[in-house]
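Engineer: Next up is a structure, given as structure tokens.
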Amino acid sequence: MAAVFLVTLYEYSPLFYIAVVFTCFIVTTGLVLGWFGWDVPVILRNSEETQFNTRVFKKQMRQVKNPFGLEITNPSSASITTGITLTTDCLEDSLLTCYWGCSVQKLYEALQKHFYCFRISTPQALEDALYSEYLYQEQYFIKKDSKEEIYCQLPRDTKIEDFGTVPRSRYPLVALLTLADEDDRDIYDIISMMSVIHIPDKTYKLSCRILYQYLLLAQGQFHDLKQLFMSANNNSTPSNNSSPEEQSRERSLLEKAGLSESEAEPPEENSKDCVVCQNGTVNWVLLPCRHACLCDGCVRYFQQCPMCRQFVQESFTLCSQKEQEKDKLRAL
Numbered sequence: 001m002a003a004v005f006l007v008t009l010y011e012y013s014p015l016f017y018i019a020v021v022f023t024c025f026i027v028t029t030g031l032v033l034g035w036f037g038w039d040v041p042v043i044l045r046n047s048e049e050t051q052f053n054t055r056v057f058k059k060q061m062r063q064v065k066n067p068f069g070l071e072i073t074n075p076s077s078a079s080i081t082t083g084i085t086l087t088t089d090c091l092e093d094s095l096l097t098c099y100w101g102c103s104v105q106k107l108y109e110a111l112q113k114h115f116y117c118f119r120i121s122t123p124q125a126l127e128d129a130l131y132s133e134y135l136y137q138e139q140y141f142i143k144k145d146s147k148e149e150i151y152c153q154l155p156r157d158t159k160i161e162d163f164g165t166v167p168r169s170r171y172p173l174v175a176l177l178t179l180a181d182e183d184d185r186d187i188y189d190i191i192s193m194m195s196v197i198h199i200p201d202k203t204y205k206l207s208c209r210i211l212y213q214y215l216l217l218a219q220g221q222f223h224d225l226k227q228l229f230m231s232a233n234n235n236s237t238p239s240n241n242s243s244p245e246e247q248s249r250e251r252s253l254l255e256k257a258g259l260s261e262s263e264a265e266p267p268e269e270n271s272k273d274c275v276v277c278q279n280g281t282v283n284w285v286l287l288p289c290r291h292a293c294l295c296d297g298c299v300r301y302f303q304q305c306p307m308c309r310q311f312v313q314e315s316f317t318l319c320s321q322k323e324q325e326k327d328k329l330r331a332l
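Per UniProt numbering, the sequence shown starts with residue 1, numbered consecutively.
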């Protein structure tokens, strides 16, 4: 019986091989085109389908009220010799403590102490954490809801004209905002705000600006306060009167300080429309690039940021749908 089957298979072998090859071709084509409903490797899908099915993690955000506000008034006129003017805007009575020539190492050790040891909720707590590693200190009382201009300056008898070459061991100025009333510290999660400010001198002529801002929480955490980037209107872009040589020199100084030019000087006026549809209101921030450029309808279509093309790892909303509906009702 077996011999008869082998003889028959030998006689019809060309047709048998053709049938096997054709069957394999049909099965392979069905797998590639998804006829059987089975999953297909990503490399066999087109780019558009991969883009829509890629999952971007939505970051859960918690709203926290920051009682402190600090800005530099007329940064172009600030210097080590002439001083600096700071504008404060606080929701409660606060204390502004300025530390001139603060040690870089001791400052970051103080932030670690806030996390592990004790909370920096008062100027005295920061002074103890710094071990008095600063050159001069001055303190001002800030009234609630009053935008006060505070003029800070190093005493002339210190005879300090610069803080040396880069990398430096001291920051020109560290401004600490703390709540003056002890009872207010139980109301807010943020108990103090620390601002690291660069002030130009003879050696390092980078324009005056806030380099870093740290929000210190009552639970021991501290967060680096960073700005969001939005698309600027073409007709509202601020003019720059500086020469190309000054711009290139400032760009090199920013690179030495570890800052990019976009982080240091964001546009003053921004567009609130989605950069894709130009219709919806911008409501989504993409991480890690921090571009706020997409509305609720367009965000689900993008795996990469439409502004810088960086891959999106996480995203979060600026306001919830309920808040958007309230804003629409107010507008009506």
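Just so it is clear, CB atoms sit at the ideal spot from N, CA and C, and this is done for glycine as well.
Between the Cα of Y212 and those of C295, P172, C24 and I142, spot the shortest distance and give me the residue it belongs to.
Structural biologist: Comparing Cα positions, the closest option is P172.
Engineer: Assuming L86 and A175 form a contact by the criterion Cβ under 8 Å, report the distance between their Cβ atoms to the nearest whole angstrom.
Structural biologist: Correct: roughly 6 Å between the Cβ atoms.
Engineer: Could you name the residues that DSSP lists as bridge partners for M194?
Structural biologist: Note: M194 sits in a beta bridge opposite L176 and Y214.
Engineer: Taking Cβ positions, are S79 and D201 nearer each other than 8 Å?
Structural biologist: For S79 and D201, yes; Cβs fall inside 8 Å.
Engineer: Who are the Cβ neighbours of C289 in its own chain at under 7 Å, not counting the five residues just before and after it?
Structural biologist: Here the set comprises C305, C308 and Q310.
Engineer: Given a cut-off of 8 Å, decide if C277 and C293 are closer than it, judged by their beta-carbon atoms.
Structural biologist: Result no, Cβ atoms of C293 and C277 do not sit closer than 8 Å.
Engineer: At the level of alpha carbons, what is the spacing between E261 and M230?
Structural biologist: Note on E261: pLDDT 49, under 50, position unreliable in the model; no value is reported.
Engineer: Quick check on K272: does DSSP put it in helix, strand or coil?
Structural biologist: K272 falls in the coil class under three-state DSSP.
Engineer: From Q105 to D128, what distance separates their C-alpha atoms?
Structural biologist: Roughly 14 Å separates the two Cα atoms.
Engineer: Could you give the DSSP three-state label for S94: helix, strand or coil?
Structural biologist: Reduced to three states, the DSSP call for S94 is strand.
Engineer: By the three-class DSSP mapping on this structure, what secondary structure does R209 have?
Structural biologist: Of the three classes helix, strand and coil, the one that applies to R209 here is strand, per DSSP.
Engineer: Per the DSSP calculation, L228 is bridged to which residue(s)?
Structural biologist: Beta-bridge pairing links L228 to no other residue.
Engineer: For Y108, count the other beta carbons within 10 Å of its own beta carbon; 16 or more makes it buried, fewer makes it exposed. Which is it?
Structural biologist: Result: exposed.
Engineer: Taking 8 Å as the cut-off, does the segment 81 to 95 touch the segment 214 to 223 (at least 3 CB pairs, one atom from each stretch)?
Structural biologist: Judged by Cβ distances under 8 Å, the segment 214 to 223 makes no contact with the segment 81 to 95, as fewer than three pairs qualify.
Engineer: Ends of the beta strand (DSSP E) at residue 340?
Structural biologist: A query on residue 340 cannot be resolved here, the shown segment of the chain reaching from 1 to 332 and no further.
Engineer: So, are the CB atoms of S121 and I191 less than 8 Å apart?
Structural biologist: Yes.
Engineer: Using C-beta distances below 7 Å, list every residue in its chain close to E138, excluding the 5 sequence neighbours before and after it, in chain order.
Structural biologist: Answer for E138: C98 and C152, listed in chain order.
Engineer: Am I right that S169 and Y134 are in contact with their C-beta atoms under 8 Å? What's the rounded C-beta distance?
Structural biologist: At roughly 12 Å, the Cβ-Cβ gap does not stay under 8 Å, so S169 and Y134 are not in contact.
Engineer: Let me know the secondary structure DSSP gives T182 once reduced to three states.
Structural biologist: For clarity, residue 182 is Glu in the given sequence; the question names Thr instead. Three-state DSSP puts E182 in a helix.
Engineer: Relative to the C-alpha of P67, which candidate in H198, S146 and P155 has its C-alpha closest?
Structural biologist: Comparing Cα positions, the closest option is S146.
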